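Enquirer: The structure follows.
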Amino acid sequence: MELVTLKRFEKGFVTAGWFGMIGGLCLLLLLNISIVTNTDITDNSFYLLVYLTAPFNVLALCSKKSRSLGLWGLSIVLFIMIFTATIFLLGWMVIPFP
Numbered sequence: 028m029e030l031v032t033l034k035r036f037e038k039g040f041v042t043a044g045w046f047g048m049i050g051g052l053c054l055l056l057l058l059n060i061s062i063v064t065n066t067d068i069t070d071n072s073f074y075l076l077v078y079l080t081a082p083f084n085v086l087a088l089c090s091k092k093s094r095s096l097g098l099w100g101l102s103i104v105l106f107i108m109i110f111t112a113t114i115f116l117l118g119w120m121v122i123p124f125p
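Numbering of the sequence shown is given in this note's numbering, commencing with residue 28 and proceeding in unit increments.
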């Protein structure tokens, strides 16, 4: 009985996995555009997309079919968070007070 209820929600988990993956790739695109053009587009919408993408990736981890999508999307989001924190700390070491 429990397996039947899990298969019913399988399509939702796969959709959440794809949404998380596409959201993570859009975040990478925005980050690369901001680095290449030397503009600051990491405003509230950037962080809102990060915080919306991460729960969808965690939700995709619950299903066996969408687990790989969830792991890829979650690793992209974690990379962006670690990269942003590292660049901030390195920039803060060079010029501590703006």
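Quick reminder that beta carbons are idealized off the backbone N, C-alpha and C, glycines included. Remember, it's a predicted structure, so these values are computed and weren't measured experimentally.
Measure from the alpha carbon of V85 to the alpha carbon of each residue in G44, T66, L117, then state which is nearest.
Expert: Position 58 of the sequence shown, counted from the start, is the residue given in the question as residue 85. Of the candidates G44, T66, L117, the one whose C-alpha sits nearest the C-alpha of V85 is G44.
Enquirer: When you compare only the Cα positions, how much space is there between I114 and P123?
Expert: On the sequence shown, position 87 is the one that residue 114 refers to. On the sequence shown, position 96 is the one that residue 123 refers to. The straight-line gap from Cα to Cα measures roughly 13 Å.
Enquirer: Mind reading off the beta-carbon distance from L96 to G47? Whole number of angstroms is fine, and I expect it under 8 Å.
Expert: The residue labelled residue 96 in the question sits at position 69 within the sequence shown. The residue labelled residue 47 in the question sits at position 20 within the sequence shown. So it is a contact: roughly 7 Å between Cβ atoms.
Enquirer: How about F40 and S102: are their beta carbons less than 8 Å apart?
Expert: Start at 1 with the first residue of the sequence shown, and residue 40 comes out as number 13. Start at 1 with the first residue of the sequence shown, and residue 102 comes out as number 75. No.
Enquirer: Alpha carbon to alpha carbon, how far is N65 from F36? Give it in angstroms, no decimals.
Expert: Locating residue 36 in the sequence shown gives position 9, counting from the first residue. Locating residue 65 in the sequence shown gives position 38, counting from the first residue. C-alpha separation (whole angstroms): 43 Å.
Enquirer: Determine the burial state of L54: buried for a count of at least 16 other Cβ atoms within 10 Å of its Cβ, exposed for fewer.
Expert: Your numbering for residue 54 matches position 27 in the sequence shown. It counts as buried.
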